[in-house]
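Participant:
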Amino acid sequence: RNVETFIELLKDNRIHELLDNDTQEENTTKRSITWNEMFNVIREYTINELANIRTKSSKTLSSDTKYQEALKLFKTLIENANARAPELDGRPLIESIISIITSDAWLSCTIVIKELSHLLINNVLCSHKYVNELREQEWIDLCELNMTLSKNQNKSFHESDQALYSSYLKFLIEKLVIYNDLDSSKSTIRKDLFDFLHIEIEQLKFKF
8 RNVETFIELL
18 KDNRIHELLD
28 NDTQEENTTK
38 RSITWNEMFN
48 VIREYTINEL
58 ANIRTKSSKT
68 LSSDTKYQEA
78 LKLFKTLIEN
88 ANARAPELDG
98 RPLIESIISI
108 ITSDAWLSCT
118 IVIKELSHLL
128 INNVLCSHKY
138 VNELREQEWI
148 DLCELNMTLS
158 KNQNKSFHES
168 DQALYSSYLK
178 FLIEKLVIYN
188 DLDSSKSTIR
198 KDLFDFLHIE
208 IEQLKFKF
């Protein structure tokens, strides 16, 4: 119940104005709390909640619902902090999401990967400020993750999920071309992408 109350407060325009002003005056003494301070607290809370659910729950529909509930506050904060302009510090925000979705420990938890991937693409990497914060290895990790997920044959995966991750990969490639020039001598990601796209094109031939 306390979480739901907090979520409603984060959606309140008056709270937005207060946090926006305090974030812009972060280096002054006359402020109460900033978006970044709020983010740090909610991030730790969310990580602990996710870990507790993973420890206690089996892989069931009910546990999927619990994961979604645990992520709701974190998602609401980011969506509202960035609704008018990107107010959060880039590195902590990006690292908090990528560290989970690219971690082997969470790879089998499809609902967490799906929820956070959607958040990353639609509420973080849509901003020029945050895309500029992505490091080369993070580009590589995200592309490889979405290539893998778009081809996932696990029965728990729906075809719509595969299409979703294919669209995320397309988004990442478009951004990658603009924002980053990967050193091909240090990475195999270019070859991986070309191989992936070649397979996709070949499969399309059989559908028509």
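Residue numbers (the working numbering): 8 to 215.
Even for Gly, the Cβ is constructed at its ideal location relative to N, Cα and C.
Could you compute how far the alpha carbon of F13 sits from the alpha carbon of L156?
Facilitator: Approximately 33 Å between the Cα atoms of the pair.
Participant: Going by other Cβ atoms of all chains shown within 10 Å of its Cβ, with 16 needed for buried, is P99 buried or exposed?
Facilitator: Per the 10 Å Cβ criterion, exposed.
Participant: Taking the alpha-carbon positions, what's the S134 to P93 distance?
Facilitator: Cα to Cα, the separation comes out at about 7 Å.
Participant: Using the C-alpha atoms, what's the distance from I54 back to S110?
Facilitator: Distance between the alpha carbons of S110 and I54 is about 13 Å.
Participant: By how many angstroms is the C-alpha of N20 removed from the C-alpha of D27?
Facilitator: Approximately 10 Å between the Cα atoms of the pair.
Participant: Which same chain residues end up closer than 8 Å to G97 when comparing Cβ atoms and leaving out the 5 residues on each side of it in sequence?
Facilitator: K136, Y137, N139, E140.
Participant: Evaluate contact between the stretch 121-135 and the stretch 167-182, counting only Cβ atoms and requiring at least three cross-stretch pairs below 8 Å.
Facilitator: With a cut-off of 8 Å, the stretch 167-182 and the stretch 121-135 count as touching, because enough Cβ pairs lie within range.
Participant: Pick from A90, N89, W146, Y74: whose alpha carbon is nearest that of I120?
Facilitator: Ranking A90, N89, W146, Y74 by Cα distance to I120 puts Y74 first.
Participant: Check the Cβ-Cβ distances between L204 and every residue of chain B, and say whether any is below 9 Å.
Facilitator: The question asks about chain B, but that chain is absent: this structure has only one protein chain.
Participant: Can you tell me whether DSSP reads T117 as helix, strand or coil?
Facilitator: Of the three classes helix, strand and coil, the one that applies to T117 here is helix, per DSSP.
Participant: Among the candidates N87, L95, L149, whose CA atom is the shortest distance from the CA of L114?
Facilitator: Comparing Cα-Cα distances from L114 to each of N87, L95, L149, the minimum goes to L149.
Participant: Out of R142, T72, L17, K158, point me to the one whose CA is closest to I60's CA.
Facilitator: Measuring from the Cα of I60, the nearest candidate turns out to be T72.
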